[in-house]
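2 protein chains.
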Amino acid sequence: MLMHNPPHPGEVIKELCLEPLELSVTKAAEGLGVSRKTLSSIINGKSGISPEMAVRLSIAFDTSSESWLNQQTQYDLWQAEQHRKELRVKRLSAA
Amino acid sequence: MLMHNPPHPGEVIKELCLEPLELSVTKAAEGLGVSRKTLSSIINGKSGISPEMAVRLSIAFDTSSESWLNQQTQYDLWQAEQHRKELRVKRLSAA
DNA sequence: AAAAGCGTAACCCGTTACGTTGCACTTCGC
DNA sequence: GCGAAGTGCAACGTAACGGGTTACGCTTTT
Chain A
1 MLMHNPPHPG
11 EVIKELCLEP
21 LELSVTKAAE
31 GLGVSRKTLS
41 SIINGKSGIS
51 PEMAVRLSIA
61 FDTSSESWLN
71 QQTQYDLWQA
81 EQHRKELRVK
91 RLSAA
Chain B
1 MLMHNPPHPG
11 EVIKELCLEP
21 LELSVTKAAE
31 GLGVSRKTLS
41 SIINGKSGIS
51 PEMAVRLSIA
61 FDTSSESWLN
71 QQTQYDLWQA
81 EQHRKELRVK
91 RLSAA
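Going line by line, the protein sequences match chains A and B.
Counting along the first sequence from 1, when you hit position 64 you're at 64 in my numbering, and nothing is skipped either side.
Counting along the second sequence from 1, when you hit position 49 you're at 49 in my numbering, and nothing is skipped either side.
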């Protein structure tokens, strides 16, 4: 169970990848092989990191694709957990 | 980096949740609050486990939603990694 | 044989990632 | 002041996917 709101994975990209290398969104998008808008959407929290994008990031920044996608998973899961009480689900476990 | 093809998360649901409790797809779907088809699609690998479904599973089977969604992430990532070489991405890291 | 329950394929809908184009805004250098 | 570059954003379209409803085939039960 996660305790606090995880940041947009896009923020992490901006802070850990673009800013240290002084890369513009345009340049980074070009290098990643996606459109400017696609990267911009991710950085601004409008879109999530897709599995393919995770692989692109891993190539461009020599990191692990798993870490990127896990960040996105944690973020999505936190969103879903916020509505846990609204789900009408019966307990099916051995109990 | 993952070494071998991870199983469909749906297979795990079937083997670890339904069969031990002798639950039919219909009964399990009813308990989870989704349609028969939705659960059937997951079990047969046609659909993945969504964040919301992960929370449903965690409630119904008293497990962690994180583990379910991570399984899905690993599966999706393995699929994406299979096309790693086809992506035209430039190295942007310090190197 | 008729009825009931089960699993799944077919079809439609809403959402999302992604691309393209265009526009408005800011920040530079001239 | 002016143009170029960078950025964000809205609107269009495409493709893929999760989910519901319906309908069909199969098995089991009565």
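Every residue, glycine too, gets a C-beta built ideally from N, C-alpha and C.
Note that the structure is a prediction, hence the values are computed from the model and not measured.
8 Å Cβ cutoff, residue i in contact with chain B
i	result
A:Gln-79	yes
A:Gly-45	no
A:Asn-70	yes
A:Leu-96	The requested residue 96 of chain A does not occur in the structure, where chain A is confined to residues 1 to 95.
A:Arg-84	yes
Any C-beta of chain A under 8 Å from that of residue i
i	result
B:Leu-23	yes
B:Ile-42	no
B:Ile-49	no
B:Arg-56	yes
B:Ala-28	yes
Residues near residue i by beta carbon distance below 8 Å, same chain, minus five either side
i	result
A:Pro-6	Gln-71, Gln-74, Tyr-75 and Trp-78
Own chain partners of residue i with C-beta closer than 7 Å, once the 5 adjacent residues on each side are dropped
i	result
A:Leu-69	Ile-49, Pro-51 and Ala-54
B:Thr-63	Leu-57
B:Gly-31	Ala-60
B:Ile-43	Gly-10, Ile-13, Lys-14 and Val-25
Continuous alpha helix (DSSP H) stretch holding residue i: start and end
i	result
A:Ile-34	For the record, residue 34 of chain A in the displayed sequence is Val; it is not Ile. A:Val-34 -> no alpha helix (DSSP H), and no H or E assigned at all.
A:Arg-56	51-61
B:Ala-80	65-81
B:Gly-10	9-13
Interface residues of chain B facing residue i [CB-CB closer than 7 Å]
i	result
A:Val-12	Those within 7 Å of A:Val-12 in chain B number zero; the least Cβ separation is about 15 Å.
A:Glu-19	Those within 7 Å of A:Glu-19 in chain B number zero; the least Cβ separation is about 13 Å.
Contacts of residue i in chain B (Cβ-Cβ under 9 Å)
i	result
A:Lys-90	Glu-30, Gly-31, Leu-32, Gly-33, Ile-59 and Ala-60
Partner residues on chain A for residue i, Cβ-Cβ distance less than 9 Å
i	result
B:Ser-97	This structure gives no information on residue 97 of chain B, because the portion of chain B shown stretches from 1 to 95.
Close Cβ partners of residue i (< 6 Å) along its chain, the five nearest in sequence each way excluded
i	result
B:Ser-41	Ser-47
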